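Asker: What follows is a structure written as structure tokens; I'll ask about it next.
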Amino acid sequence: MSLHIAFDGIVKEFGAVRVLHGVGFDLHPGRVYGLLGENGAGKSTLMKILAGYHAPTAGTLLIDGQPARFRNSRDAETRGIVLIHQELNLADDLTVTQNMFLGHELRRGWLLDERRMRERAAEALRQVGFEGDPDTKVRDLIVAEKQLVEIAKAQLRNARLLIMDEPTASLTPSECERLFGLIGRLRRDGVTIVYISHKLDEVERITDEVIVMRDGRFITRAPTAGTPRARMATLMVGRDLTDMFPEKRDPPPAGRPLLAVRGVTVPGWAEDVGFDLRPGEILGFAGLVGAGRTELFEGILGLRPRSAGTIEIDGRPVRLRSPREAMRNGLTYLSEDRKGKGLHVRMGLRDNLTLMTLRHHAQPLLSPASEEKALEHAVAAFGIRGDPRGVAASLSGGNQQKLAIAKFLEPDPRVFVLDEPTRGVDVGAKRDIYFLIARLAAEGRGVVVISSELIELIGLCHRVIVMRGRRVTATVPAERLSEEELIAHAIGTHTRP
Amino acid sequence: MPSAPTPVPDAPVPEARNGGAAPAKGAGRSAAGRFDPHRFGPVIGLILLLVVGTALNPDFATWDNLMNVLTRTAFIGIISIGMCFVIISGGIDLSVGSMAALIAGAMILAMNALQPLLASPVAVVGLGMLFALLLGGGFGLAHGLLITRGRIEPFIVTLGTLGIFRAVLTWLADGGAITLDGDLSDAYGPVYYGSLLGVPVPVWIFLLVALAGALLLNRTAFGRYVQAIGSNEQVARFAAVEVDRVKVLTYGLLGVCVGIATLLYVPRLGSASPTTGILWELEAIAAVIVGGTSFKGGEGRVAGTVVGAVLLSVISNILNLTSIISVYLNAAVQGCVIIAVAFLQRRRP
Amino acid sequence: MSEVARFSRRVLLGTGLAVAMAAGFGGAVLAADPVKLGVSIPAATHGFTGGIVWWANEAKKELEKAHPNLKITVKTASNAPEQANQLQDLVTVTKIDSLVIFPFESAALTQPVVQAKKKNVYVTVVDRGLTDPNAQDAYIAGDNTAFGRIPAEYIAKKYNGKANVVALRGIPTTLDNERWDAFTAVMSKHPDIKILDAKYANWNRDDAFKVTQDFLTRFKDIDVIWAADDDMAIGVLKAIDQAKRTDVKEVFGGAGSKVMVKTILDGSNPLIQADVSYSPKFIYDAIKLTAEARLKGEKLPATHIIPSSLITKENAKEFYFPDSPY
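Encoded structure:
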């Protein structure tokens, strides 16, 4: 049952571009490895080779000492190697059971053996702690449940090596806890786990050993116990990263708020929410997934119906019924769902950047030169690295996010709302984004940061509003910000008045 | 057995980083943005057809024949340009053929009714043409409102009106034909049969509509919004694009295009009957898709649409000019050519 | 010759009716019993079918007025499956006892008609015969052979057996094939008449325009165009006009539409000299014959062909119905 993996001089080229430059290391059974590296370091490509999605251009993959060549991911699965994608790979319209047996359906003669599939699925789901009904459609599950389904599915296939790519990106703290517990159990059963994450605190907590890659090369490996987070980050980036966050400027003096929200109710999502945002302030929003933070702001933007409440910008009451009206009143919102709501990934960088401000480039026909200039400016100002002629999808996650931020800043908003601004972004780009947010505040804008990364809220914000079950439960000032405090408010165990 | 760490330079290497991120998902596409031989699939197909046509019958390459083909393409071509916008925005309109028939019928009835009231037949024809444009625009806006405000799938809305328009025309015509009065027919004739610098009027108008369409799609905010909505409606909505308004306008624009096509069509036969415009919707959609526009929306080209429309009529023209293939197989030849051209301009996965 | 044929057929029909009457087939329906007659016809998508619908409603109006105990239900369908469904509804919901049907397709509608007949419905089939003749009580049709033969004979005679002819065809169907075969059969006896080519134009004016344009590009010397349908002839005429061609001496349509008959009557277009009758009025005749026979409790003769005749300036008046849409 053991599964010993060795990479030997793995090279991968896409066309003329070499992505992996002869990577070699090995993985022992029953251990949890943290695979570290910035976006573009080659981690995902290497793991896709291991899971049979790509074939190496040169080099050998050895399994228990024997060279292995997978033609596809099914080949890898039969050897017990399963990759759980960052964007989960489930068919939304099928039920949990149907997904788990997709491509491996059990049959009785010509017919599907529904009963046996449901039983086996239910058993596997119970093992991973999934409490729902195996006949639910995947569409109706929350992300954390989908994750459990993926793991249960891997278990059904007798996975001996699980690769998890950013598994906690959309999970709440308690859901993360459950996942970590599960990882511990799998490890005790002798399953090898390769854990890819940008969240170094998690890596520190659950892995036995970290392996660092950079620029398509293996850099080093070390037991997690002797490697502090700061060291991990330095190894990944290749330079010192002592200061992730800019120095906090003094909170702005109380004065006329830039944005005043009073008694806003978004039916089903937020009830009677009120807050102020002052010029130059960075205001955080913490809470579990489903607490209603994103939906509150979609309501403020006019994308969801509001049943009550008033909104004032700069002391003036405003009626916001669409993102366009919000933009005209100086408020823009960058969604947490970058590919679904933030950027047109199939369109070019320029078209993405200027979409909100086409009027500025029309005289009345659009002037490509003027748009080009805007792009050049944004590339320089936001440090967007990538082919400016390519489509947005060709950029790495961090650069896509910088482009998205540039896009929503093009209309020059006075109030800028960022929802999960560093999701799926590597350490270097994260730091860039934090400094950018501080700069926007220093320019006198009001910035709202909605985030599930508490470190981020603590490091950046002047005040943090915590939501739980559709309501604001606390407003925590800078000096009292701590992970314990925020979690306590978010899950409702806070006892202090 | 950890292997020895490879020494690496301290500074990150930008090329390698970008290179590392890009190829996994988007290198092929970013290259496609620069030069894509598949873009020219429809043009290559058209050139091949022209060569084949000339080889089979020397009369094919005559000016008169080419003008005949372009003139008869004008109706479908103009509708296709409007259709191109609708399809790029992620919509569809199945009703254009029926809409053209109803506009033609209503327009003829209106002109016949106006004739005794106005002295000048030219004025009557002018009013009739204006009526056609307004009617087309009105039908299109109605589609747009039903689709956006009514939240009904465009396929269903326009499938419904496909039946409604044709039924109303058939009712107006009592199942027969609606025919334009003689005097008006003479005054109106030049709009189809006349020419300017040796090029028939409908071809000029086709050209103008195509140029205006290309400009609108590529060089105006409206055109960019249409592409953005088709590419991803949610993203466009979050980026402060007034999605509903833009969608309504695309259907309105298509309606106006149908109006233009109809006002060119009516003087040809001077009549409208229940067979007018039959299957035009499929021809227009085929021209758009053969021309390289994605059926899923987001991406499309006006020039390609024009080439696609011309290509479709050239096929039937060549078949009419030769008898090497059994007439029973005409539709099969058209089908093969359409699939072959689609193959030439297919997208990479 | 054709006059004689027509006459003899009339006599035959008359005798048939008389015999039927004399024999007194009163068993099924008593004279005083009300008759529920269903009429199932194609929807108006073409000038000719438009005429069918108009004449059917005309028959309903007149006959219901004349016979208070007659109820006629007219249903139009736009394809064969729809027609089959309507047939079912007529039998089970409307509870008709007699049916006049103009089938879309012979084969597809034979079984549905058999089912209706099993429920004791008296069936008159119009225009297209069913594949199983036992399914019908009576068959009334226009003469498709004559529709192709008459123009061929006319052209051969008028041009002394020497002419260049191009032809349009309708939609590939048995109906179209019958006409085309009859046309070519005559022409094959005249070696100097050349049929340059024939293409489908779908009984559609626009398609006829395009096909004719291309014929004119391809052939420099054409004497006669057999448009094979009056609707298509309109497209043909426009294309000749546009090309300003003078070699074409005559265009021969078909079916005797109002517009064409009027043109012949007035002599307003030198290209239109003659036509062949194939009037949608036969649906009127069929309904009338069926209804009156059923009211009296009689039967119709098994087959009744409504002859097609040549329409020229001399007899055009007989074929001109200004109120009909066709």
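Protein chains in written order, with the working numbering: chain L, 1 to 497; chain H, 1001 to 1349; chain V, 2001 to 2326. C-beta: ideal position from N, C-alpha, C; glycine also. Since the structure is predicted, the reported quantities are computational estimates derived from the model, not experimental observations.
Mind checking the stretch 2029-2053 of chain V against chain H and listing, in chain order, the residues whose C-beta falls within less than 9 Å of any C-beta there?
Answerer: Of all residues in the stretch 2029-2053 of chain V, 2043, 2044, 2045, 2046, 2047, 2049, 2050, 2051, 2052 and 2053 have a Cβ within less than 9 Å of some Cβ in chain H.
Asker: For residue 2290 of chain V, which residues from the same chain have a beta carbon less than 8 Å from its beta carbon, with the 5 sequence-adjacent residues on both sides left out?
Answerer: Within the same chain, residue 2290 of chain V has close Cβ partners 2037, 2098, 2100, 2122, 2124, 2138 and 2300.
Asker: Classify residue 289 of chain L as helix, strand or coil using the three-state DSSP reduction.
Answerer: Three-state DSSP puts residue 289 of chain L in coil, outside helix and strand.
Asker: Out of H:1335, H:1324, H:1331 and H:1334, which has the shortest C-alpha to C-alpha gap to residue 1056 of chain H?
Answerer: The shortest C-alpha separation from residue 1056 of chain H is found at H:1324.
Asker: Just to confirm before moving on: does the CB-CB distance between residue 2056 of chain V and residue 2035 of chain V stay below 9 Å?
Answerer: No, these two residues do not count as a Cβ contact at 9 Å.
Asker: If you reduce the DSSP assignment to three classes, tell me which class residue 234 of chain L lands in.
Answerer: Here residue 234 of chain L sits in helix by DSSP.
Asker: Step through the CB atoms of chain V and report whether any lies within less than 9 Å of the CB of residue 1175 of chain H.
Answerer: At least one chain V Cβ lies under 9 Å of residue 1175 of chain H.
Asker: Spatial neighbours of residue 2048 of chain V within its chain, please: C-beta separation below 7 Å, excluding the five flanking residues on both sides.
Answerer: Excluding residues within five positions, the ones whose Cβ falls inside 7 Å are 2255, 2280 and 2326.
Asker: If you draw a straight line from the alpha carbon of residue 45 of chain L to that of residue 19 of chain L, how long is it in whole angstroms?
Answerer: C-alpha separation (whole angstroms): 8 Å.
Asker: Enumerate in chain order the residues of its own chain whose CB-to-CB distance from residue 481 of chain L is below 8 Å, with the five nearest sequence positions on each side excluded.
Answerer: Result list for residue 481 of chain L: 457, 458, 461 and 464, in chain order.
Asker: Leaving out five residues on either side along the sequence, give the residues of the same chain with a beta carbon under 7 Å from the beta carbon of residue 1159 of chain H.
Answerer: Same-chain partners within the cutoff: 1094.
Asker: Can you pull the DSSP bridge partners for residue 2070 of chain V?
Answerer: In DSSP, residue 2070 of chain V forms a bridge with V:2035.
Asker: Can you give, in chain order, each stretch of the beta strand (DSSP E) that sits fully within the stretch 257-286 of chain L and has at least 3 residues?
Answerer: Segments of the beta strand (DSSP E) lying fully in the stretch 257-286 of chain L: 259-266 and 270-277.
Asker: Can you look up residue 1075 of chain H in the DSSP assignment and give me helix, strand or coil?
Answerer: Helix, per DSSP.
Asker: Is residue 2122 of chain V helix, strand or coil by DSSP?
Answerer: If DSSP states are grouped into helix, strand and coil, residue 2122 of chain V belongs with the strands.
Asker: Hey, would you say residue 175 of chain L sits closer than 9 Å to residue 89 of chain L, going by beta carbons?
Answerer: No, Cβ-Cβ distance for residue 175 of chain L and residue 89 of chain L is not below 9 Å.
Asker: Kindly list, in the order they appear in chain V, the residues whose Cβ is closer than 8 Å to that of residue 1327 of chain H.
Answerer: 2169, 2198, 2199 and 2200, listed in chain order.
Asker: Is residue 2297 of chain V near the ligand NAD, with its Cβ less than 8 Å from a heavy atom?
Answerer: Looking at this structure, you won't find the ligand NAD or any other ligand, since it has none at all.
Asker: Are residue 310 of chain L and residue 256 of chain L closer than 9 Å when you measure CB to CB?
Answerer: Taking 9 Å as the Cβ cut-off, residue 310 of chain L and residue 256 of chain L do not qualify as a contacting pair.
Asker: Is the stretch 2106-2119 of chain V touching the stretch 2069-2087 of chain V in the sense that three or more CB pairs, one from each, lie closer than 8 Å?
Answerer: Counting Cβ pairs under 8 Å, three or more are found: they touch.
Asker: Output needed in chain order: residues of the stretch 316-327 of chain L with a Cβ under 8 Å from some Cβ in chain H.
Answerer: So the close ones are 322, 323, 324, 326 and 327.
Asker: Just to confirm, is the Cβ distance from residue 333 of chain L to residue 323 of chain L under 9 Å?
Answerer: Yes, the Cβ-Cβ distance between residue 333 of chain L and residue 323 of chain L is below 9 Å.
Asker: Measuring alpha carbon to alpha carbon, tell me which of H:1136, H:1107, H:1171 and H:1198 ends up nearest residue 2046 of chain V.
Answerer: Here the closest residue by C-alpha is H:1171.
Asker: Hey, does residue 1181 of chain H have any beta-carbon neighbour from chain V nearer than 9 Å?
Answerer: No, its Cβ sits nowhere closer than 9 Å to a Cβ of chain V.
Asker: Give the secondary structure of residue 398 of chain L by DSSP, where H, G and I count as helix, E and B as strand, and everything else as coil.
Answerer: Helix.
Asker: Do you know how far the Cα of residue 423 of chain L is from the Cα of residue 249 of chain L?
Answerer: Rounded to whole angstroms, residue 249 of chain L to residue 423 of chain L spans 25 Å at the Cα level.
Asker: Starting from the Cα of residue 2041 of chain V, find the closest Cα among V:2078, V:2063 and V:2072 and give me that residue.
Answerer: Of the listed residues, the one whose Cα sits closest to residue 2041 of chain V is V:2078.
Asker: Select from the stretch 26-53 of chain L all residues with a C-beta closer than 9 Å to any C-beta belonging to chain H, and list them in chain order.
Answerer: Against chain H - using a Cβ distance shorter than 9 Å - the residues of the stretch 26-53 of chain L are 26, 38, 39, 40, 41, 42, 44, 45 and 48.
Asker: Counting only the same chain and skipping the five closest in sequence on each side, list residues whose C-beta sits under 6 Å from that of residue 34 of chain L.
Answerer: Excluding positions up to five away in sequence, the list reads 195, 203, 207 and 210.
Asker: According to DSSP, is residue 1161 of chain H helix, strand or coil?
Answerer: Of the three classes helix, strand and coil, the one that applies to residue 1161 of chain H here is helix, per DSSP.
Asker: Cβ closer than 7 Å: which chain H residues qualify as neighbours of residue 351 of chain L?
Answerer: Within chain H, the residues near residue 351 of chain L are 1224.
Asker: Rounded to a whole number of angstroms, what is the C-alpha to C-alpha distance between residue 521 of chain L and residue 187 of chain L?
Answerer: Nothing about residue 521 of chain L can be read from this structure; chain L reaches only from 1 to 497.
Asker: What is the rounded straight-line gap between the Cα of residue 2210 of chain V and the Cα of residue 2194 of chain V?
Answerer: Those two C-alpha atoms are separated by around 22 Å.
Asker: Answer with buried or exposed for residue 1188 of chain H, where buried requires no fewer than 16 other C-beta atoms within 10 angstroms of its C-beta.
Answerer: Counting Cβ neighbours within 10 Å, residue 1188 of chain H comes out buried, since at least 16 surround it.
Asker: Within 9 Å (strictly less), CB to CB, does residue 2283 of chain V reach chain H?
Answerer: So no, residue 2283 of chain V is outside the interface.
Asker: Per DSSP, what kind of secondary structure is residue 2083 of chain V in: helix, strand or coil?
Answerer: Reduced to three states, the DSSP call for residue 2083 of chain V is helix.
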